[in-house]
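*Asks:* Residue numbers (our numbering), protein chains in the order written: chain A, 53 to 322; chain B, 53 to 322; chain C, 8 to 309; chain D, 8 to 309. Just so you know, even glycine gets a beta-carbon here, dropped at the ideal spot from N, CA and C. Sharing a structure below in structure tokens format, with a few things to ask.
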Amino acid sequence: MQSVSKTPSIRIIEKVIDETPTVRTFVISDANLADVLPGQFAMVWIPGVNELPMSVMVIPEKGKAAFTVRKRGVSSTALYDLKAGDQIGVRGPYGNAFDIKDGKIALVGGGTGLVPLLRLAKFAKPTNDVTILMGSKSKDEVFFEDAANQILQNNKHQVIACTEDGSYGEKGFVTDVLAKLAQTTKFDAIYTCGPEIMMHKVVQLANSKGIFVQASLERMMKCGIGICGSCCMDEVMVCHDGTVFDGEFLANSKEFGHTHRAKSGILENY
Amino acid sequence: MQSVSKTPSIRIIEKVIDETPTVRTFVISDANLADVLPGQFAMVWIPGVNELPMSVMVIPEKGKAAFTVRKRGVSSTALYDLKAGDQIGVRGPYGNAFDIKDGKIALVGGGTGLVPLLRLAKFAKPTNDVTILMGSKSKDEVFFEDAANQILQNNKHQVIACTEDGSYGEKGFVTDVLAKLAQTTKFDAIYTCGPEIMMHKVVQLANSKGIFVQASLERMMKCGIGICGSCCMDEVMVCHDGTVFDGEFLANSKEFGHTHRAKSGILENY
Amino acid sequence: MTPDLSVSIGPISLGRPAMLASGILGISMEVFNRIYRNGAGAVVSKSLSKEPWEGYANPTIVGIKGGYLNAVGLSNPGAPYFAEMIKPNKDVPIIVSLVGSIEDEFEFMVKQFENCNVTAYELNLSCPHVEKVGLEVGDDPKLVTKIVSRVKSVAKAPVIGKVGLGTTNYLDTVKAAIDGGADAITAINTIRAMGIDVETQRPILSHKIGGLSGPAIKPVAVRCVYEIASKYDIPVIGCGGISSWEDALEFIFAGASAVQVGSAVGDRWIDVFSEINDGIANYMKKKGYSKMSEMVGLAKRF
Amino acid sequence: MTPDLSVSIGPISLGRPAMLASGILGISMEVFNRIYRNGAGAVVSKSLSKEPWEGYANPTIVGIKGGYLNAVGLSNPGAPYFAEMIKPNKDVPIIVSLVGSIEDEFEFMVKQFENCNVTAYELNLSCPHVEKVGLEVGDDPKLVTKIVSRVKSVAKAPVIGKVGLGTTNYLDTVKAAIDGGADAITAINTIRAMGIDVETQRPILSHKIGGLSGPAIKPVAVRCVYEIASKYDIPVIGCGGISSWEDALEFIFAGASAVQVGSAVGDRWIDVFSEINDGIANYMKKKGYSKMSEMVGLAKRF
Ligand SMILES: Cc1cc2nc3c(=O)[nH]c(=O)nc-3n(C[C@H](O)[C@H](O)[C@H](O)COP(=O)(O)OP(=O)(O)OC[C@H]3O[C@@H](n4cnc5c(N)ncnc54)[C@H](O)[C@@H]3O)c2cc1C
Ligand SMILES: Cc1cc2nc3c(=O)[nH]c(=O)nc-3n(C[C@H](O)[C@H](O)[C@H](O)COP(=O)(O)OP(=O)(O)OC[C@H]3O[C@@H](n4cnc5c(N)ncnc54)[C@H](O)[C@@H]3O)c2cc1C
Ligand SMILES: Cc1cc2nc3c(=O)[nH]c(=O)nc-3n(C[C@H](O)[C@H](O)[C@H](O)COP(=O)(O)O)c2cc1C
Ligand SMILES: Cc1cc2nc3c(=O)[nH]c(=O)nc-3n(C[C@H](O)[C@H](O)[C@H](O)COP(=O)(O)O)c2cc1C
Ligand code: FES
Ligand code: FES
Numbered sequence: 053m054q055s056v057s058k059t060p061s062i063r064i065i066e067k068v069i070d071e072t073p074t075v076r077t078f079v080i081s082d083a084n085l086a087d088v089l090p091g092q093f094a095m096v097w098i099p100g101v102n103e104l105p106m107s108v109m110v111i112p113e114k115g116k117a118a119f120t121v122r123k124r125g126v127s128s129t130a131l132y133d134l135k136a137g138d139q140i141g142v143r144g145p146y147g148n149a150f151d152i153k154d155g156k157i158a159l160v161g162g163g164t165g166l167v168p169l170l171r172l173a174k175f176a177k178p179t180n181d182v183t184i185l186m187g188s189k190s191k192d193e194v195f196f197e198d199a200a201n202q203i204l205q206n207n208k209h210q211v212i213a214c215t216e217d218g219s220y221g222e223k224g225f226v227t228d229v230l231a232k233l234a235q236t237t238k239f240d241a242i243y244t245c246g247p248e249i250m251m252h253k254v255v256q257l258a259n260s261k262g263i264f265v266q267a268s269l270e271r272m273m274k275c276g277i278g279i280c281g282s283c284c285m286d287e288v289m290v291c292h293d294g295t296v297f298d299g300e301f302l303a304n305s306k307e308f309g310h311t312h313r314a315k316s317g318i319l320e321n322y
Numbered sequence: 053m054q055s056v057s058k059t060p061s062i063r064i065i066e067k068v069i070d071e072t073p074t075v076r077t078f079v080i081s082d083a084n085l086a087d088v089l090p091g092q093f094a095m096v097w098i099p100g101v102n103e104l105p106m107s108v109m110v111i112p113e114k115g116k117a118a119f120t121v122r123k124r125g126v127s128s129t130a131l132y133d134l135k136a137g138d139q140i141g142v143r144g145p146y147g148n149a150f151d152i153k154d155g156k157i158a159l160v161g162g163g164t165g166l167v168p169l170l171r172l173a174k175f176a177k178p179t180n181d182v183t184i185l186m187g188s189k190s191k192d193e194v195f196f197e198d199a200a201n202q203i204l205q206n207n208k209h210q211v212i213a214c215t216e217d218g219s220y221g222e223k224g225f226v227t228d229v230l231a232k233l234a235q236t237t238k239f240d241a242i243y244t245c246g247p248e249i250m251m252h253k254v255v256q257l258a259n260s261k262g263i264f265v266q267a268s269l270e271r272m273m274k275c276g277i278g279i280c281g282s283c284c285m286d287e288v289m290v291c292h293d294g295t296v297f298d299g300e301f302l303a304n305s306k307e308f309g310h311t312h313r314a315k316s317g318i319l320e321n322y
Numbered sequence: 008m009t010p011d012l013s014v015s016i017g018p019i020s021l022g023r024p025a026m027l028a029s030g031i032l033g034i035s036m037e038v039f040n041r042i043y044r045n046g047a048g049a050v051v052s053k054s055l056s057k058e059p060w061e062g063y064a065n066p067t068i069v070g071i072k073g074g075y076l077n078a079v080g081l082s083n084p085g086a087p088y089f090a091e092m093i094k095p096n097k098d099v100p101i102i103v104s105l106v107g108s109i110e111d112e113f114e115f116m117v118k119q120f121e122n123c124n125v126t127a128y129e130l131n132l133s134c135p136h137v138e139k140v141g142l143e144v145g146d147d148p149k150l151v152t153k154i155v156s157r158v159k160s161v162a163k164a165p166v167i168g169k170v171g172l173g174t175t176n177y178l179d180t181v182k183a184a185i186d187g188g189a190d191a192i193t194a195i196n197t198i199r200a201m202g203i204d205v206e207t208q209r210p211i212l213s214h215k216i217g218g219l220s221g222p223a224i225k226p227v228a229v230r231c232v233y234e235i236a237s238k239y240d241i242p243v244i245g246c247g248g249i250s251s252w253e254d255a256l257e258f259i260f261a262g263a264s265a266v267q268v269g270s271a272v273g274d275r276w277i278d279v280f281s282e283i284n285d286g287i288a289n290y291m292k293k294k295g296y297s298k299m300s301e302m303v304g305l306a307k308r309f
Numbered sequence: 008m009t010p011d012l013s014v015s016i017g018p019i020s021l022g023r024p025a026m027l028a029s030g031i032l033g034i035s036m037e038v039f040n041r042i043y044r045n046g047a048g049a050v051v052s053k054s055l056s057k058e059p060w061e062g063y064a065n066p067t068i069v070g071i072k073g074g075y076l077n078a079v080g081l082s083n084p085g086a087p088y089f090a091e092m093i094k095p096n097k098d099v100p101i102i103v104s105l106v107g108s109i110e111d112e113f114e115f116m117v118k119q120f121e122n123c124n125v126t127a128y129e130l131n132l133s134c135p136h137v138e139k140v141g142l143e144v145g146d147d148p149k150l151v152t153k154i155v156s157r158v159k160s161v162a163k164a165p166v167i168g169k170v171g172l173g174t175t176n177y178l179d180t181v182k183a184a185i186d187g188g189a190d191a192i193t194a195i196n197t198i199r200a201m202g203i204d205v206e207t208q209r210p211i212l213s214h215k216i217g218g219l220s221g222p223a224i225k226p227v228a229v230r231c232v233y234e235i236a237s238k239y240d241i242p243v244i245g246c247g248g249i250s251s252w253e254d255a256l257e258f259i260f261a262g263a264s265a266v267q268v269g270s271a272v273g274d275r276w277i278d279v280f281s282e283i284n285d286g287i288a289n290y291m292k293k294k295g296y297s298k299m300s301e302m303v304g305l306a307k308r309f
């Protein structure tokens, strides 16, 4: 059984890796988080600032875990600005995990949505033929290409970077590239994590072709453990019933791809 | 590891055995208490009346435990008067246990003090040659003779009942009978439980002959778990450091055989 | 004969004894539906204010030894938004929790629910970590009487006062609520508490002080229910640390007519409701009770 | 450099930060000796009354989820008997806990200790389960001031007021003790609580209502220490649920100058004192503190 902590434990940031001009990876030692399942997340406390849900990034060394953070608002920027030696608090791991199917699988991610997908890649079966599609605006926002190739070195695999401006890899939205690919390749399963509009398109595409699909969702999270309700979507709590949901469930969701709740609990449009 | 409960759990009295006109044994099912070590006790709650420390009596059937109660004051009488089907609460087991030595051992008990000694007999090594001395005033107060023979059936053993009036077995105080016996038999260890004056004599005798000796003591008990201090004797808590103490410790005790504390904590003479 | 798990809390009748406590998963109609289907007797909404509130920054809820510490800061979508959301509801007994500082606010909020199916209003007189509302109201018995009687005068549904341990005697708050015409009392809210992280030397919650919930507070909550039920003739709803059918019965025996379950959802998930229902039904069968009301307050006979 | 574990609580100086709390193993000089040798900074006696008290019938102390429930009923051998017992004591810092209803009783008791080596008096203003004393005194701030000032006028040793959560604002009790001249405050006592056995439907304690202690109350106690230390300029001794060095530091950071350990003795035995000493010393080494006072109240800077 996985050991789950509900109280923040302080960890020292041991290493900071610049991934892009706005994305950094922070490495800590945490035996508990080192082995989380793909899709699971932790609550990361930036003392004095906020506590944010974060997917747990794969780190090759035993007993190490990491968070890959994109600098956005106040809180993620405060995290992004931390240095080696600084303290953060972590609790978790929380949430369910992707179900890994046999055969040809596609992982479709955007930005830090790649974090759970790379962990999924790490859990891939030797027989999985893995295609990773990574979307970004332009060349300087591409990251994790090497990490992906490294993790999948023993699998048949391809890593396809897609940039909207065509400055690197395939040109276009990652969803368009996936659609093209899916015309010729018969995927057995598609997994996605990233901006909700992107995931919504991926799920629609997969559902229309009858391909098994799972998406890892984001919502406003406070407790992370199914108490406060702030992460609710339809009748599920994304933190507890998810973050990973099947295409079938998502096809019936009134909220997925359309609305999410603000801090007050009011539904807002994407 | 033994599982120790600090909260009373309700048990149904399944059987009541009359041992003498003033002593009864009450059988319950309790996997936890069935296997306590010799010397350990439980706190027995007589709902609406009191909660008393009680040694746990050996019952041959698996998963069963029992209390053997002498009717004395209000509380023990209330317990004594319970019937099959009535409820009592139990928590425990608490306290330490006798150390069982090799060779010839003597168990010297009076009244319900026999309870932990019979459990010790049950834990005897196959190589132990066991002498049980049971003291009582007169014939109708003798009990556990059969139980003792039964428990020790695979050991070399003798069960000697001693009555003060000579109406059964050996005539005289159990301590006198022990003294006589010890002149001819070289005991490797002596264990005693019963009235403190009796135990005091047994310990003196053993110490004077250099025989290893242990006694299981009684004191006023409230918590049973080393919190309240009501059972203290010298610097030890009888419930937690005992109830079993070595002859060496007892020889240095200012209180053993002389004083015990009343409910208020005031020292009173025996 | 299967025992009847329905309960009456004064004028309020519910099919099952355990409700979802306020502030737990309490902002979405779909979630209410799910929890009701899973065995809750009713759902109590998150405490609603006149306007939407964002609440405090995280950490707002963390686990600690014996339970949880929270200072969510009463984030809620506001009464008008919430009323709109529950308008279509027909089946689920919803108890609307309200929070505010003065009578007028409460009146405004109750009016939002005129066309809603509301089982009762629960007035939060006891949130321990937001200024000017909750406990600060509950600690002012005169204000409590004013608020309760105003709500009584405008509400069509029964009114419950929810109390907790503040800086005045909570029994005076209960009395004040009774004087205002309250139909029932819920006891208790979380207890004001704090956790400090030893490594950073910082209070763990962003608000520093919050409320303690979960098993840790159960013995205190049972005592409060027992005291209220012994002292006053008003139905009580027990709340605080209930996570099993035994816990629920402990409150019933102390004098509660029904119970609410909060933190246990974080430990046992929403299965906790059917576990409680089944456990109580078995107990009733074993002991020969046919109705819940036969068990209310049985501990008081000793 | 080994860190200095000595603490000053106003006029009281102790060699180590953790004392044995009142009512725990607290009636025998030999036991006090043993606990002091095992690392306690001082021992607080069982609360003593003018005359010996027998206390309540068992069950008086039971374990429950998160801690212990007790209603011992303040059984104690009485101040005169106890004073006689500790007369020979030279080495062990003994804090004498006193309980009573009026100033005269306290004066009588203090006088018993004229020829004893008393480190301080701790006035129990907070026992939650005996009538006319403890909390019923603490809930009456005027009486508190009277008692404290009377004790101050006759006692040669410093005077500590021990508070808990009663029916008035405990901060008013603290204020009243300060007004009476108290040298320090101990916070908190057990919290009024109850457990009911579901099988028999009976209150478990013979006195029915008792006090909750142990880990369950720690977050509440930390909050109280933080509130007192933030509001008043008086040294505070933290008490409630401390069972590790981390727990002890949590209270220190909240503003306590020293701590008391009670229930943890039932879980970790008296080794708990040296565990706390060692843990704090290691922490100080790691973080570069040389004196305990450098750490007092550090959480207040956030
Ligand atoms: C399961 C999950 C995994 C995630 N994994 C990653 C990851 O690996 N890398 C990454 O960069 N981001 C991740 N995020 C997103 C991240 O949690 C933040 O939402 C994001 O960094 C935006 O923060 P901000 O700086 O804009 O917040 P601010 O601008 O400071 O946000 C404003 C307010 O909104 C709140 N807020 C916003 N979003 C959330 C949220 N989801 N939960 C709680 N509070 C919120 C903040 O508390 C704050 O009060 C994940 C989110 C979820 C739900
Ligand atoms: C470790 C241990 C094991 C024991 N095992 C047995 C046993 O197997 N069989 C047996 O018959 N007796 C046993 N006793 C003795 C038993 O616990 C009672 O002390 C005894 O039955 C006397 O009770 P009473 O009816 O006289 O009490 P009462 O007359 O009701 O006693 C008066 C008051 O003293 C209190 N009291 C007296 N003695 C004790 C005590 N030791 N602890 C707590 N409260 C006390 C009662 O609470 C009561 O309030 C044991 C005692 C101890 C300490
Ligand atoms: C995260 C959280 C939020 C809460 N929000 C509210 C609230 O909005 N209104 C209210 O009256 N009580 C609120 N409470 C208190 C609960 O309703 C309940 O009274 C308390 O948690 C004790 O019950 P429990 O131990 O079962 O959780 C909240 C509790 C928690 C843990
Ligand atoms: C069995 C028991 C007896 C107690 N007796 C007293 C007492 O006589 N006087 C007093 O001031 N506090 C008494 N207390 C309260 C403790 O001193 C302490 O304040 C409380 O238990 C909280 O600390 P803890 O959680 O470390 O036990 C008693 C507590 C227990 C458990
Ligand atoms: S974040 Fe609280 S329920 Fe999901
Ligand atoms: S009975 Fe309480 S310490 Fe032994």
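Quick check: A:F264 and A:K153, are their CB atoms within less than 7 Å of each other?
*Replies:* Taking 7 Å as the Cβ cut-off, A:F264 and A:K153 qualify as a contacting pair.
*Asks:* Can you determine whether any heavy atom of ligand 2 sits closer than 6 Å to the C-beta of B:N102, and answer yes or no?
*Replies:* Within the cutoff, so yes.
*Asks:* D:D254: buried (16+ other C-beta within 10 angstroms of its C-beta) or exposed?
*Replies:* Classification for D:D254: buried.
*Asks:* Please list, in chain order, the residues of the region 276-289 of chain D that have any C-beta partner in chain B closer than 9 Å.
*Replies:* Result list: W276, I277.
*Asks:* Does DSSP put D:T180 in a helix, a strand or coil?
*Replies:* Of the three classes helix, strand and coil, the one that applies to D:T180 here is helix, per DSSP.
*Asks:* Under 8 Å: do the region 249-268 of chain A and the region 219-238 of chain A share three or more Cβ pairs, one atom per stretch?
*Replies:* Enough Cβ pairs lie closer than 8 Å, so yes.
*Asks:* Please state if the CB of B:S127 and the CB of B:V108 are separated by a distance shorter than 7 Å.
*Replies:* For B:V108 and B:S127, no; Cβs fall outside 7 Å.
*Asks:* By DSSP, does D:W252 sit in helix, in strand, or in coil?
*Replies:* Note: D:W252 maps to helix in three-state DSSP.
*Asks:* Where does the unbroken alpha helix (DSSP H) through A:H209 begin, and where does it stop?
*Replies:* Premise fails: A:H209 lies in the beta strand (DSSP E), 208-215, not in any alpha helix (DSSP H).
*Asks:* Under a Cβ-count criterion, where at least 16 other Cβ atoms within 10 Å of its own Cβ denotes burial, should D:Q119 be classed as buried or exposed?
*Replies:* Classification of D:Q119: buried, given that the 10 Å Cβ count is 16 or more.
*Asks:* Nearest by alpha-carbon distance to D:A47: which of D:W252, D:E257, D:N176, D:M291 is it?
*Replies:* Comparing Cα positions, the closest option is D:W252.
*Asks:* Report whether the distance from the Cβ of B:G262 to the nearest heavy atom of ligand 2 is below 6 Å.
*Replies:* No, ligand 2 has no heavy atom inside 6 Å of this Cβ.
*Asks:* By the three-class DSSP mapping on this structure, what secondary structure does C:F39 have?
*Replies:* C:F39 falls in the helix class under three-state DSSP.
*Asks:* Compute the Euclidean distance between the alpha carbons of C:V14 and C:I287, then round it to the nearest angstrom.
*Replies:* Between C:V14 and C:I287, the C-alpha separation is close to 12 Å.
*Asks:* Is it the case that the Cβ atoms of B:E193 and B:T77 are separated by a distance below 7 Å?
*Replies:* No. Outside cutoff.
*Asks:* In the structure shown, what three-state DSSP assignment does D:Y88 receive?
*Replies:* D:Y88: helix per DSSP, three-state reduction.
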